[in-house]
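K.L.:
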Amino acid sequence: MEVIYRILFVALLLAQLPFLAAQEAANPDSRAEELRERRRQKLPESTPPKSPGIVKMLLYMEGGGLYERINIRYKDFYPKYGQLSTGSGGAYGIRYFKSNIAKSGLSVETSAAFSFTGYKLVDFHFGRFNKVAPNFFLGPSVFGAPFQFDEEAPDSVKSFIYLGLRYRYFPKEDFYGLGNDSRLEDRTDFLLEDGFSSVVAGHQFNQWLGVGARVGYLKVNTGLGTDEDFPDTRTLFDDDSAPGLERQPDFLRIDTAIFLNYRDIPGNPHNGGTIGFGFARFDDRGGDEFEFNTFSVDARHYFPLGSRQRVLAVRLFGLWTDAKEGSRIPFYLMRTLGGRETLRGFREFRFREARQLHLSAEYRWEAAPAFEIALFYDTGKVFPETERFKFEHLRKSIGIGFRFKRSRRVLFRLDIARSEEGTRVQFQFGPSF
Amino acid sequence: MQPLKHRLAVALGMGVLMVSLGLSQGSGKFRSDDPLQVDPDQLPIPPPEPVRLSQIFDFLKSTYSNRPDDKTPIPPAENVNTLGEVPDSSWFTNRMSRRVMTLEELVRGPNQVDGPDQSKPWVIIAVKSEGITPGFTIRDARDDVYFIKFDPPKYPQLATSTEVIVTKFFYAFGYHVPENFLSRIRRDHLQISPEARLEDSEGKERAVNDGDIDRIFKMAYQLPDGTTPVVASRLLEGIPMGPFTYDGTRSDDPNDIFPHQHRRELRGMRVFAAWLNHDDSRSINSLDMYLGSPGEGHLGHYLIDFGSALGSGSIKPQSPRAGNEYIIEAAPIVKAGLTLGIWDRPWRHVKYPDYPAIGRFEGDFFQPQLWKPEYPNPAFERMQLEDAFWATRIVLRFTDEMIRAIVDTGQISDPQASDYLVETLIKRRDKIIRYYLPQMNPLDEFRFTGEPGLSSRLAFKNLGLEAGLASASSYRYQWFRFDNASQGMEPVTEIRPSTESSLAVPQDPAAYLMVRITTSSQEQPQWKKKVEVFIRNDSQRPTIVGIEREF
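In order, the protein sequence lines correspond to chains X and F. Under the working numbering, the residues of the first sequence are numbered 1 to 433, in order. Under the working numbering, the residues of the second sequence are numbered 1001 to 1551, in order.
(1) So which of Tyr-1171/F, Phe-1150/F and Arg-1186/F has the shortest CA-CA distance to Asp-1225/F?
(2) Considering only DSSP beta bridges, list what Ile-1124/F is partnered with.
(3) Residues of chain X with CB closer than 7 Å to the CB of Pro-1254/F, please, in chain order.
(4) For Ala-374/X, does the count of other Cβ atoms within 10 angstroms reach 16, so buried, or fall short, so exposed?
(5) Let's see if you can read the secondary structure: which residues bound the beta strand (DSSP E) around Gly-210/X?
(6) I think Arg-1348/F touches Arg-308/X, with their Cβ atoms under 8 Å apart; what is that distance to the nearest whole Å?
(7) Taking Cβ positions only, does Ile-437/X come closer than 8 Å to chain F?
(8) Check this for me: beta carbons of Asp-1247/F and Pro-1110/F, under 8 Å apart or not?
(9) Do Phe-429/X and Phe-412/X count as a contact pair if the criterion is CB distance below 8 Å?
(10) Return the CA-CA distance between Tyr-1436/F and Ile-1412/F, expressed in angstroms with no decimal places.
(11) Count the other CB atoms, across all protein chains shown, that sit within 10 Å of the CB of Asn-268/X; report buried if there are 16 or more and exposed otherwise.
(12) Could you pull out every residue in the same chain whose Cβ sits closer than 6 Å to the Cβ of Phe-1306/F, ignoring the five residues on either side in sequence?
(13) Under DSSP, the beta strand (DSSP E) around Trp-1479/F begins and ends at which residues?
(14) When you compare each of Asp-1117/F, Gly-1546/F and Ala-1159/F to His-1278/F by their alpha carbons, which one comes out closest?
(15) List the residues of chain X whose Cβ lies closer than 7 Å to the Cβ of Pro-1048/F, in chain order.
(16) What is the DSSP secondary structure of Leu-1310/F, reduced to helix, strand or coil?
(17) Any Cβ of chain X within less than 8 Å of the Cβ of Phe-1534/F?
(18) Please state the DSSP three-state secondary structure of Asn-1285/F.
(19) Is DSSP giving Ile-275/X helix, strand or coil here?
(20) Which residue wins for smallest C-alpha separation from Glu-1466/F, given the options Trp-1479/F, Gln-1507/F, Pro-1075/F and Thr-1399/F?
(21) Going by DSSP in three states, Leu-436/X sits in which element: helix, strand or coil?
(22) Quick check on Phe-284/X: buried or exposed, where buried means 16 or more other Cβ atoms within 10 Å of its Cβ?
(23) Reducing DSSP to helix, strand and coil, say where Ile-1045/F ends up.
(24) Any C-beta of chain A sitting closer than 8 Å to the C-beta of Phe-1170/F?
(25) Check whether chain X comes within 8 Å of Asp-1033/F, counting only Cβ atoms and requiring the distance to be less than that.
(26) Considering only their Cβ atoms, is the gap separating Phe-1258/F from Gly-1174/F smaller than 8 Å?
(27) My understanding is that Gly-223/X touches Phe-190/X, with C-beta atoms under 8 Å, so please give their C-beta distance in whole angstroms.
(28) Applying the criterion that 16 or more other CB atoms from any shown protein chain within 10 Å of the CB defines a buried residue, is Ser-1486/F buried or exposed?
(29) Taking C-beta to C-beta, are Ile-1358/F and Ala-1417/F nearer than 8 Å?
(30) Using 8 Å as the cut-off, can you tell me whether the region 1045-1061 of chain F makes contact with the region 56-63 of chain X, which would need three or more C-beta pairs spanning the two stretches below that distance?
(31) For Ala-1467/F, which three-state DSSP category applies?
(32) Flag this pair as touching only if the region 1505-1521 of chain F and the region 1535-1549 of chain F have three or more C-beta atom pairs under 8 Å; answer yes or no.
(33) Thinking Phe-376/X and Ser-360/X are a contact (beta carbons under 8 Å), I'd like their distance in whole angstroms, please.
(34) Tell me whether the beta-carbon of Gly-1464/F lies closer than 8 Å to the beta-carbon of Pro-1438/F.
(35) If we count the other Cβ atoms within 10 Å of its Cβ and call it buried at 16 or more, is Asp-1209/F buried or exposed?
(36) Is the beta carbon of Asp-1280/F sitting closer than 8 Å to the one on Phe-1244/F?
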């Protein structure tokens, strides 16, 4: 045993000698030389930095690779993604867009899209425009398109005029009956098919005032809904309870609108507001059974509460429809209450009537510049006649929303809303209002 | 313990001791070339592959990982010499840190030429039509290449003046920066090269046309005389190799041996960035250049793009958040969330004067220790008091007159705005000095006076006194012999008081001497911390080889 220990003792001492020698050599009496030596030692180990897969993916996205892939383009043809209507499911199509054709200032845009659930949309625009109005009338979150209130550097094209053609085939549109007391269990569906030819013109005077008008011819057809989970509208309703169910005339439709914008940052307002007034006339080309006018007001104001980051946002929307004596208003042309932009605790299309009043209030605070939390309260009702309107039986929903945004734009939002009809979670691109 | 086992343990212990002795005897505390003035980090290397930085990854990594915690102590900066200074290197050149620069030097900054030649039209060779700051690249009559950037339409001089002013400051601090010039151009003074390309909004590359240039001019401020003010940034020498990071080392650069988060000039940059509100001090605004012919060159490390600093946010005034809160910061989010937004960030209530050329920049609310960049910077987060002291010494050297001279290079046409910027910079400078200097013994600029030998004295400056942080101070000091190999110390004198800022050097044959000094000041109790100055005791020419400070 002792021999082993002796051998180990000597071996340990011997083993330390080369190490000591090496230490001596690696520690010359020059700081600079030591640093050079460390660098010489790193030289053979030098390898190009390796990027983890996640970094490569992010670089691809940041370099526009993902955008390019999503926006595959052949010359002026683009793919089109999204929803055609609530309930349409994912829709896919193709879009052709060419601006400033032959330096004429004229642009053309046309697209065709289809969903797996059978929805179809084909449209065409030609004329002088910066962007076409996805929904010209008051109410949508994209307020005031095709104006340029929200542009950092507006184009010089302040006047727009274009021809629009649109065909829609929406086979699963929901209908619960008319009135504020319609029942959830009466949910039915119908086919809405229409073709609309119009000329749209307008002028934006400055960053706060724009006017527009539209004249168009509307052909509508309603038919059997194809949603197998719900009965067709005709099984529960007739032409009295759903005016226009039996006959859908053509309409000459005239719209005018004026928009006042005094928001500080239109895409992400903290102060100021906006007011829009709209008037529309629907002229029954097959007689006078369905002749009516609508007048709408959409007012939104943003009150900073001692700080730009605490904002009380209020939206009031009112719609009055007056039918000519003896005329009726077809159910498929009535604006609805419920869903992501009105009463968020109720389903889309939940309430229909000739008139409606709707108020939304949100207390918003920016927890961080890119993140906002909102508590909201929506209330409103639909009603047939102003004389019978009372502030009773208003439908209400409350909720909390989470918004992700940039300094000038709300990118997307997640709203969780609660009403007497349950809780709804809604994801939406763009602001609530 | 068995005797032989005991012997084994002794053998092991001896081994450890011999290694330790070998280390200390072979090197000693000070080497023959200490204090190192130049870091030899320019060994020839082959050109590495250019790297690309994912801004999203950099943001996520810096925000959610790689943050210092309370459990792991932060080591001192690694690339300092024995005086605690940063040697010249491919990262840094001592300028204001080594001597007081002249006004002329400060005003000239990094500029080697007088700006782009306007004798002939500029030829556009590339366009950046997208992004926060659109601009283009031109070639001038001298064949020099410049990147051209503009002011936002509502804020004349905001971005261009800021770029030039902050470049001059960072050059004086010692960093490597591009040459930036203010200029004015007319639209008709530009020609488009047939080879000029741009990437459109759809990500497709195509030829540049007049409409592209018109669009950029439409987004830029124009003077009533039809000219457009621009900042022209001269193309850096060398081959671009991508940005550097504020942590780790570059694996394909053998010269890069100090983890960047432990480089003093990157840690201490936090003080400079706070002074100038350079909140965009992140990797994307840096650039490594391969300097020299292939195989014989090395990487040089540059800071670029100072458009988001002072009160400028490049295309608009700085966000009020800039310098006050990270983009994502949990504490204020939770606080605001729990109080449903009733608690509000104090910085949101700061009032700024209305100077379009200045944007949002102020000195009353500013607190240097609380200042933050856009998102956590790994080097800034590891800044220690030693690093801050190093930077504060440099800040201290900027007189009011120097600040005025540098601000004047921004050619801000509104004199009130210019005055405000100078006053604010002075205010912020003074706050930095008042925050950091009281936390340590501020003796500095040690030097010998008198003839070597009997009359030799070690003189120094009390930076705190010079900065007006105390009305008077006195010193206590003690001399030691210092054994460089063993690092043992032996007193030469007893502890002595002094009211003078120079101490007699004792006559002693020891190879190294050390003097330990503490400062007494009623107003500044932290000045009692020790400063130890090491001297290589050559009777003909004594040298200061080391300074160690208690923090």
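Positions of the beta carbon are idealized from the N, C-alpha and C atoms, including for glycine.
P.N.:
Result, derived from the coordinates:
(1) Numbered from its first residue, the second sequence carries residue 1225/F at position 225. It is Arg-1186/F.
(2) Taking the second sequence and counting its residues from 1, one reaches residue 1124/F at position 124. Looking at the DSSP assignment, Ile-1124/F forms a beta bridge with Ile-1138/F and Ile-1192/F.
(3) Taking the second sequence and counting its residues from 1, the one referred to as residue 1254/F is at position 254. Counting only Cβ-Cβ distances below 7 Å, Pro-1254/F has contacts in chain X at Arg-39, Lys-42, Leu-43 and Ser-46, in chain order.
(4) Numbered from 1 along the first sequence, position 374 holds the residue referred to as residue 374/X. With 16 or more other Cβ atoms within 10 Å, it is buried.
(5) For the purposes of this step, residue 210/X is taken as residue 210 along the first sequence, with counting starting at 1. Looking at the DSSP string, the run of the beta strand (DSSP E) that includes Gly-210/X is 209-224.
(6) For the purposes of this step, residue 1348/F is taken as residue 348 along the second sequence, with counting starting at 1. For the purposes of this step, residue 308/X is taken as residue 308 along the first sequence, with counting starting at 1. Right, their Cβ atoms sit about 7 Å apart.
(7) The requested residue 437/X does not occur in the structure, where chain X is confined to residues 1 to 433.
(8) Counting from one through the second sequence, the residue named residue 1247/F turns up at place 247. Counting from one through the second sequence, the residue named residue 1110/F turns up at place 110. Result no, Cβ atoms of Asp-1247/F and Pro-1110/F do not sit closer than 8 Å.
(9) Counting from one through the first sequence, the residue named residue 412/X turns up at place 412. Counting from one through the first sequence, the residue named residue 429/X turns up at place 429. Going by C-beta atoms, Phe-412/X is nearer than 8 Å to Phe-429/X.
(10) Counting from 1 along the second sequence, the entry for residue 1436/F is found at position 436. Counting from 1 along the second sequence, the entry for residue 1412/F is found at position 412. Using only the alpha carbons, I get a separation of about 31 Å.
(11) Counted from its first residue, the first sequence places residue 268/X at position 268. Buried, since its Cβ has 16 or more Cβ neighbours within 10 Å.
(12) Within the second sequence, residue 1306/F is the residue found at index 306, counting from 1. If we look at Phe-1306/F and ignore the five residues flanking it on each side, its Cβ neighbours are Glu-1163, Val-1166 and Thr-1167.
(13) Locating residue 1479/F in the second sequence gives position 479, counting from the first residue. Run containing Trp-1479/F: 1474-1482, per the beta strand (DSSP E) assignment.
(14) Stepping through the second sequence from its first residue, residue 1278/F is reached at position 278. Of the listed residues, the one whose Cα sits closest to His-1278/F is Ala-1159/F.
(15) Taking the second sequence and counting its residues from 1, one reaches residue 1048/F at position 48. In chain order: Pro-48.
(16) Translated into the one-based positions of the second sequence, residue 1310/F becomes position 310. Coil.
(17) Locating residue 1534/F in the second sequence gives position 534, counting from the first residue. No, Phe-1534/F lies away from the interface with chain X (no Cβ there is under 8 Å from its Cβ).
(18) As a working note, residue 1285/F is residue 285 in the second sequence. Note: Asn-1285/F maps to helix in three-state DSSP.
(19) Taking the first sequence and counting its residues from 1, one reaches residue 275/X at position 275. Correct three-state label for Ile-275/X: strand.
(20) To locate residue 1466/F, count along the second sequence from 1; it is residue 466. Relative to the Cα of Glu-1466/F, the nearest Cα in the group Trp-1479/F, Gln-1507/F, Pro-1075/F and Thr-1399/F belongs to Thr-1399/F.
(21) No information on residue 436/X is available, as it lies outside the stretch 1 to 433 that chain X covers here.
(22) Counted from its first residue, the first sequence places residue 284/X at position 284. The residue asked about is misnamed: residue 284/X is Asp in this sequence, not Phe. Result: buried.
(23) Indexing the second sequence from 1 puts residue 1045/F at position 45. Reduced to three states, the DSSP call for Ile-1045/F is strand.
(24) Of the protein chains in the structure, X and F, none is chain A.
(25) For the purposes of this step, residue 1033/F is identified with residue 33 of the second sequence, where counting begins at 1. Interface residue, yes.
(26) Indexing the second sequence from 1 puts residue 1174/F at position 174. Indexing the second sequence from 1 puts residue 1258/F at position 258. Contact: no.
(27) For the purposes of this step, residue 223/X is taken as residue 223 along the first sequence, with counting starting at 1. For the purposes of this step, residue 190/X is taken as residue 190 along the first sequence, with counting starting at 1. About 7 Å separates the two Cβ atoms, so the contact holds.
(28) Mapped onto the second sequence, residue 1486/F falls at position 486. Counting Cβ neighbours within 10 Å, Ser-1486/F comes out exposed, since fewer than 16 surround it.
(29) On the second sequence, residue 1358/F is found 358 positions in, with the first residue counted as 1. On the second sequence, residue 1417/F is found 417 positions in, with the first residue counted as 1. Cβ atoms of Ile-1358/F and Ala-1417/F: closer than 8 Å.
(30) yes
(31) The sequence position of residue 1467/F within the second sequence is 467, counting from 1. The three-state secondary structure of Ala-1467/F, taken from DSSP, is coil.
(32) When C-beta atoms of the region 1505-1521 of chain F are compared with those of the region 1535-1549 of chain F, three or more pairs fall below 8 Å, so the two segments count as touching.
(33) Counting from 1 along the first sequence, the entry for residue 376/X is found at position 376. Counting from 1 along the first sequence, the entry for residue 360/X is found at position 360. Rounded, the Cβ-Cβ distance is 6 Å, consistent with contact.
(34) In the second sequence, counting from the first residue as 1, residue 1464/F sits at position 464. In the second sequence, counting from the first residue as 1, residue 1438/F sits at position 438. Closer than 8 Å, so yes.
(35) Position 209 of the second sequence holds residue 1209/F. Sequence check: residue 1209/F is Asn here, not Asp. The C-beta of Asn-1209/F has fewer than 16 other C-beta atoms within 10 Å across all chains shown, which makes the residue exposed.
(36) Reading the second sequence from its first residue, position 280 is the one you call residue 1280/F. Reading the second sequence from its first residue, position 244 is the one you call residue 1244/F. No, these two residues do not count as a Cβ contact at 8 Å.
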